[in-house]
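Trainee: Got a structure here, written out as structure tokens. Questions coming.
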Amino acid sequence: MNYAEIEGYLAIVQNGSMTRAAQKLFITQPTLSNRIHALEEELGERLVLRGKGVREIRLTDAGKQFIPIAEKWQSLWKESRYIGAKQERKPIHIAAISSINMYFMPRVYQQFMEQTQSRYISLSTSHSYDIYHRVENGQAHIGFISTTMYAERVLIAPLFQEQMTLVCNSRSSYEGSVSPRQLDVGHEIMLNWCPQFIQWHEYWFGAQALPWIYIDDTLILEQLLEVPESWAVVPVSIAEALCRKETVRQCALQEAPADRIIYLLTHPAHQLPKETAILLEQMHNAVRQYQGISWLYSAGV
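Numbering (our numbering), first residue to last: 16 to 316.
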């Protein structure tokens with residue numbers, strides 16, 4: 016197998032169709048199809064199910080199992096390009112959930128790069144499950160997640176916790192200190208921050224309550240809050256960033272959900288880059304700048 020075949024396969028996985036994947040790679044669809052056929056022949060397994068006239072592709076069980084292998088192969092290939100190069104800087108691979116990467120970490124990453132000359136950051140943004148997978152398989156040195164789960168080969172440690180608060184459109188009727196009883200779930204922008212948040216939500220609004228919109232990423236939260244009467248319950252680090260816009264207002268939330276905890280993931284058998292300690296110290300310093308966030312981590316790295 017070669018890089019072009021692996022690249023083509025992962026493009027199909029990411030884009031969901033041959034047509035879109037070929038467009039992303041700036042190649043023809045027949046060229047991409049030939050690469051996938053060649054890869055399947057080398058592996059002796061069919062990876063992709065194709066149907067005549069069917070726009071979307073489906074992966075076989077073997078195809079699904081091959082995804083992490085292909086990702087690691089591609090990562091190793093990219094790293095091998097630096098062998099023998101004069102450049103001495105090495106990557107520190109970090110995987111984190113979107114809400115951390117977007118709102119809390121940018122300043123930390125900037126300070127880390129200003130202070131550290133021996134490392135550069137290789138960053139991936141994903142969901143907690145995938146981050147566990149990346150740390151477990153050595154694709155990431157460290158991970159930052161908000162939902163714990165059992166993983167035999169991953170160490171998990173509480174890093175910091177932050178209070179949950181209410182943000183709403185500045186033209187909404189909510190102001191001051193707001194009780195959950197006052198909130199209209201029909202105007203809610205809901206995110207699944209952690210299991211404790213879901214328990215809180217079901218307690219106040221019922222298990223069958225339907226929000227105005229449910230999103231699994233914070234990317235469009237700012238735009239959705241431009242709708243009058245819209246509201247969301249978010250961690251304080253996100254609230255501070257959102258309230259820099261005049262269209263968003265923060266309100267104290269009575270009987271708020273339990274604090275959201277951010278956890279650090281590491282692999283017990285993998286040695287961490289020594290610069291990890293610098294990154295964590297800078298995160299600790301960043302936590303000190305917020306009201307409503309507490310540092311929890313005390314172990315050495």
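We put the beta carbon where it would ideally sit given N, CA and C, even for glycine.
1. Give me the DSSP bridge partner(s) of HIS108.
2. Tell me which residues share the same chain as MET298 and place their Cβ nearer than 6 Å to its Cβ, disregarding the 5 neighbours each side in the sequence.
3. Measure the alpha-carbon distance for GLY232 versus THR43 and round it to whole angstroms.
4. Among the candidates HIS282, ILE228, TYR305, whose CA atom is the shortest distance from the CA of GLU255?
5. Compute the Euclidean distance between the alpha carbons of TYR278 and GLY201, then round it to the nearest angstrom.
6. Here's the rule I'm using: 16 or more other beta-carbon atoms within 10 Å means buried, otherwise exposed. How should SER192 be labelled?
7. At what residues does the beta strand (DSSP E) containing LYS175 begin and finish?
8. Assuming GLN130 and ILE21 make a contact with CB atoms under 8 Å, what is their CB distance in whole Å?
9. Express the C-alpha separation of SER141 and GLN286 in angstroms, rounding to a whole number.
10. Would DSSP call ALA267 helix, strand or coil?
11. For THR262, which of ASN184, ARG65, THR163 has the nearest alpha-carbon?
12. Can you tell me the Cα-Cα spacing of ALA5 and MET179, whole angstroms?
13. Kindly indicate the opening and closing residues of the beta strand (DSSP E) around GLU48.
14. Considering only residues of the same chain and omitting the five flanking positions on each side of LEU62, which have a CB-CB separation below 8 Å?
15. Please say whether VAL150 and LEU294 have beta carbons closer to each other than 7 Å?
16. So which of ARG65, LYS260, PHE41 has the shortest CA-CA distance to SER31?
17. What residues in its chain sit with their C-beta under 7 Å from that of THR163, if we drop five residues either side in the sequence?
18. By the three-class DSSP mapping on this structure, what secondary structure does THR291 have?
Mentor: In short:
1. SER137
2. VAL123
3. Inspection of the sequence shows that residue 232 is occupied by Asp rather than by Gly. Spanning the two alpha carbons is a distance of roughly 32 Å.
4. TYR305
5. 32 Å
6. exposed
7. Rather than Lys, the amino acid found at residue 175 in this sequence is Phe. Looking at the DSSP string, the run of the beta strand (DSSP E) that includes PHE175 is 170 to 177.
8. Their Cβ separation, rounded to whole angstroms, is 35 Å, which puts GLN130 and ILE21 out of contact at 8 Å.
9. 23 Å
10. strand
11. ASN184
12. Outside the displayed range of the chain (16 to 316) lies residue 5, so it cannot be described from this structure.
13. In the sequence as presented, Glu is not what sits at residue 48; that position holds Ser. Segment 44 to 58 is the alpha helix (DSSP H) holding SER48; no beta strand (DSSP E) there.
14. TYR24, ILE51, LEU54, GLU55, LEU74, THR75, ALA77, GLY78, PHE81
15. no
16. Reading off the sequence, residue 31 comes out as Gly, not Ser. That would be ARG65, whose Cα lies nearest to the Cα of GLY31.
17. ILE171, TYR278
18. helix
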